[in-house]
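Worksheet: the structure to be examined is printed underneath.
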Amino acid sequence: MRIMMVGDVVGRAGRRAFRTITPRLRSEKKIDVVIVNGENAAGGKGFTRKALDELYAGGADIVTAGNHVWDKKDVFSFIDDEPFLVRPANYPEGTPGQGYCIFPFKAANIAVLNLSGRSFMPALDCPFQKADEILADIGTSADVVVLDFHAETTSEKLAMGHYLDGRAAIVVGTHTHVQTADEQILPGGTAYITDLGMVGASDSILGVRKDLVIQKFRTGMPVRFEMAEGAAEYAAVIVDIERDGGRIAAIERVLLREED
């Protein structure tokens, strides 16, 4: 089984790149399942119906989220009806949507979890305790467990990777939009990377127009961010899972640009 985890899709440029590059990678790399973080897909913050449908049309099987999940109010009209859209599970009980899903692939069930970190992030329930609760709830109903950990700090992401090492097949970090070069198989057998990176305009700062971000840093004044346009980069990892026993055979980092 080959699972591709794709980094945060940012705005229109990101949606375009995801829609055009994903089918090509799916064919060339023989990808079985595509999981993408889409929380910045609509104008850089949140989901709309149109933006989510573009991700599905581009080849997403499961879409994960993060701290911007509620930024477009449109999301409340459909989040409870989407079986393969997951938001951070450590929001309080009663929050709309779901924190994990079970995706059937051939004879296997893939559990996809989404959690939010707490360092320099909104105050939510403990993601480590919530991970334990979900794994206990899933029990033996999933053959493969995958986590998108939407967190700010390297230390918190590494801690989660090692905490779930041997219990989850894949743990990836999202949120910072800059791909890290530490893809690895941890001692217990879990495929890990600290941050997937983004799918968004290359000539930008995290997908946002450079001049606006620089203006904010220089002046300290409020600035209305606008998404950058132009050719995009596409960041992901591909993880090979052996059919017998579920052992992680390899993790490959992907960083492409639309000009490539």
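According to the numbering used here, the residues represented by the sequence shown are 53 to 312, in order.
Glycine is no exception: its CB is placed at the ideal position from the N, C-alpha and C atoms.
For H214, the enclosing alpha helix (DSSP H) stretches over residues 206 to 215. The Cβ atoms of G252 and A65 lie closer than 8 Å to each other. Out of R309, I190, E204, A280, the CA that lies nearest to the CA of F172 is found in E204. In this structure, T228 keeps its C-beta atom at 8 Å or more from the C-beta atom of I245. Per DSSP, L167 is not a residue of any alpha helix (DSSP H); the beta strand (DSSP E) it occupies stretches across 160 to 168. For D60, the CB contacts under 6 Å within the same chain, skipping 5 residues up- and downstream, are N89, N92, T226, H229, M250 in chain order. Looking at the DSSP output, F155 bridges to I162. The continuous beta strand (DSSP E) containing T116 extends over residues 114 to 116. With a beta-carbon spacing of about 12 Å, P144 and S168 fall beyond the 8 Å limit used to define contacts. The C-alpha of E311 lies about 11 Å from the C-alpha of A69.
A distance below 8 Å between beta-carbons, with the five flanking residues on each side excluded, links Y215 to the following residues of its chain, in chain order: F180, A183. Judged by DSSP in its simplified three-state form, V275 adopts coil rather than helix or strand. The shortest CA-to-CA distance from A221 to any of R261, K81, T242, M53 is the one to T242. DSSP places F201 in the strand class (E or B) of the three-state scheme. Closest in alpha carbon position to L137, among A160, F155, K125, is F155. Nearest neighbour of E281 by Cα position, chosen from G146, R261, F157, D292, turns out to be R261. Distances from the CA of I186 to each of D217, C153, A159, T206 were compared; the closest alpha carbon is that of C153. The C-beta distance from M53 to R295 rounds to 7 Å, short enough to fall under 8 Å. The beta carbons of D292 and A283 sit about 29 Å from each other, so the pair does not count as a contact at 8 Å. Under the 10 Å beta carbon count, M273 is surrounded by fewer than 16 other beta carbons and is classified as exposed.
Residues V85, V291 of the same chain have their beta carbon placed closer than 6 Å to that of I55, with the five preceding and five following residues left out of the count.
The Cβ atoms of V62 and I114 do not sit closer than 8 Å to each other.
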